[in-house]
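**Q**
2 protein chains.
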Amino acid sequence: MSEPVAISDVLDTFTDLWSPRIAGSVNDYDVRLAKVRGEHIWHTHDHTDEFFLVVEGELRIGLREPAGERTVTLSKGSLFTVPRGVEHKPSAPSGAVIMLIEPTGTLTVGDRHEEVPAHVDVTTGHPLA
Amino acid sequence: MSEPVAISDVLDTFTDLWSPRIAGSVNDYDVRLAKVRGEHIWHTHDHTDEFFLVVEGELRIGLREPAGERTVTLSKGSLFTVPRGVEHKPSAPSGAVIMLIEPTGTLTVGDRHEEVPAHVDVTTGHPLA
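The listed protein sequences correspond, in order, to chains R and H. Under the UniProt record's numbering, the first sequence has 18 at position 18, and the numbering climbs by one with no breaks. Under the UniProt record's numbering, the second sequence has 58 at position 58, and the numbering climbs by one with no breaks.
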């Protein structure tokens, strides 16, 4: 990454949903971009927080916390961090583009998850084309 | 950060230039937002990369690399990481809003820097008002 990367240029390189591209890095963290629509799955990262920034559209994140289950809604230009150990389920009924920041090697489905349907890519992120 | 944070709401809370607000975190990293205009200073982070995302406007980053000095220009929606150890100088002649991601405690002027003028805030980032 010796030159700046335009998010729009990255988004032009793929159409896959729930399949993050690694757009950059900072130390041992990845900056990933994903196109999403519909529902991801309930999953938990036991050892890391997960940061979300909504670039386009609206993202919902279901959270199963000690106090109960709730859903937060992130509009375009909003950010939120899911704390490590909190079971969560992203969804985007109308579609969204999101930026994620998490340690390199973090799996999209976490350390524990429900059954993975065909539309969810189990990956640590794909390099840019 | 138990609720999503809208970048626009954070920007409404301050007018200071070159004075980052801590809008979120992920593990031991801060997500900071800063309003910038004019020139920052040449400085170096010896132990960490520094990630920039341009939210509004245009940001330039001067870089003093082994091969020589150059300037990269980031338009709105572009990202770039300054590698650890690389002397750099952000500037924004027409003003910009930027998001930074770096380890909690990272100083705005790095570990080594030129003389700090009055318009540059020496800080590890300010909590949200």
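Each residue gets a CB set at the ideal place from its N, CA and C atoms; glycine is no exception. All values reported here derive from a predicted model rather than from experimental measurement.
1) Starting from Ala23(H), find everything on chain R with Cβ-Cβ shorter than 7 angstroms and list it in chain order.
2) Closest to His45(R) by C-alpha separation, out of Val86(R), Ala92(R), Val5(R), would be which residue?
3) In angstroms, rounded to a whole number, what distance separates the CA positions of Val36(H) and Thr123(R)?
4) Can you tell me whether DSSP reads Ile41(H) as helix, strand or coil?
5) Do we get a CB-CB distance below 8 angstroms when we pair Ala67(R) with the residues of chain H?
6) Check whether chain R comes within 8 angstroms of Val36(H), counting only Cβ atoms and requiring the distance to be less than that.
7) Kindly list the residues whose CB is nearer than 8 angstroms to the CB of Ile41(R), restricted to its own chain and excluding five residues on each side of it in sequence; keep chain order.
8) If you follow the beta strand (DSSP E) that Val72(R) is in, where does it begin and where does it stop?
9) When you compare the CB of Glu58(R) with every CB in chain H, is at least one pair closer than 8 angstroms?
10) List the residues of chain R that Ser8(H) touches, going by C-beta distances under 7 angstroms, in chain order.
11) I want to see whether chain H comes within less than 8 angstroms of Phe51(R), judged by CB atoms only; does it?
12) Decide if Ala96(R) is buried, meaning its Cβ has at least 16 other Cβ atoms within 10 Å, or exposed.
13) Under a Cβ-count criterion, where at least 16 other Cβ atoms within 10 Å of its own Cβ denotes burial, should Pro20(H) be classed as buried or exposed?
14) Roughly how many angstroms lie between the CA atoms of Thr81(H) and Val26(R), to the nearest whole one?
15) From the DSSP output, in three-state form, read off Leu107(H) for me.
16) Using a Cβ-Cβ cut-off of 8 angstroms (strictly less than) and excluding sequence neighbours within five positions of Thr71(R), which residues of its own chain qualify?
17) State buried or exposed for Pro66(R), treating a residue as buried only when at least 16 other CB atoms are found within 10 Å of its CB.
**A** Based on what the coordinates show:
1) Here residue 23(H) is taken as the residue at index 23 of the second sequence, counted from 1. The answer, in chain order, is Leu79.
2) Residue 45(R) sits at position 45 when you count from the first residue of the first sequence. Minimum Cα distance to His45(R) is reached at Val86(R).
3) One-based indexing of the second sequence puts residue 36(H) at position 36. One-based indexing of the first sequence puts residue 123(R) at position 123. So the alpha carbons of these two residues sit roughly 37 angstroms apart.
4) Along the second sequence, one-based indexing puts residue 41(H) at 41. Three-state result, Ile41(H): coil.
5) Taking the first residue of the first sequence as position 1, residue 67(R) is located at position 67. No - not a single Cβ of chain H is within 8 angstroms of the one on Ala67(R).
6) Indexing the second sequence from 1 puts residue 36(H) at position 36. No, Val36(H) does not count as interfacial toward chain R.
7) Taking the first sequence and counting its residues from 1, one reaches residue 41(R) at position 41. Lys89, Val109, His113, Glu114, Glu115, Val116, Pro117, Val120, listed in sequence order.
8) Locating residue 72(R) in the first sequence gives position 72, where the first residue counts as 1. Run containing Val72(R): 68-74, per the beta strand (DSSP E) assignment.
9) Counted from its first residue, the first sequence places residue 58(R) at position 58. It does not: the Cβ of Glu58(R) has no partner Cβ on chain H nearer than 8 angstroms.
10) Translated into positions along the second sequence, residue 8(H) becomes position 8. Those are Gly77, listed as they occur along chain R.
11) Numbered from 1 along the first sequence, position 51 holds the residue referred to as residue 51(R). So, interface residue.
12) In the first sequence, the residue the question calls residue 96(R) occupies position 96. Ala96(R) is buried by the Cβ-count criterion.
13) Numbered from 1 along the second sequence, position 20 holds the residue referred to as residue 20(H). That one is buried.
14) In the second sequence, counting from the first residue as 1, residue 81(H) sits at position 81. In the first sequence, counting from the first residue as 1, residue 26(R) sits at position 26. Approximately 6 angstroms between the Cα atoms of the pair.
15) Position 107 of the second sequence, counting from 1, holds the residue named residue 107(H). Residue state, collapsed to three classes: coil.
16) If you number the first sequence from 1, residue 71(R) lands on position 71. Taken in chain order, the residues that qualify are Arg60, Ile61, Gly62, Leu63.
17) Numbered from its first residue, the first sequence carries residue 66(R) at position 66. When all chains shown are included, Pro66(R) counts as exposed.
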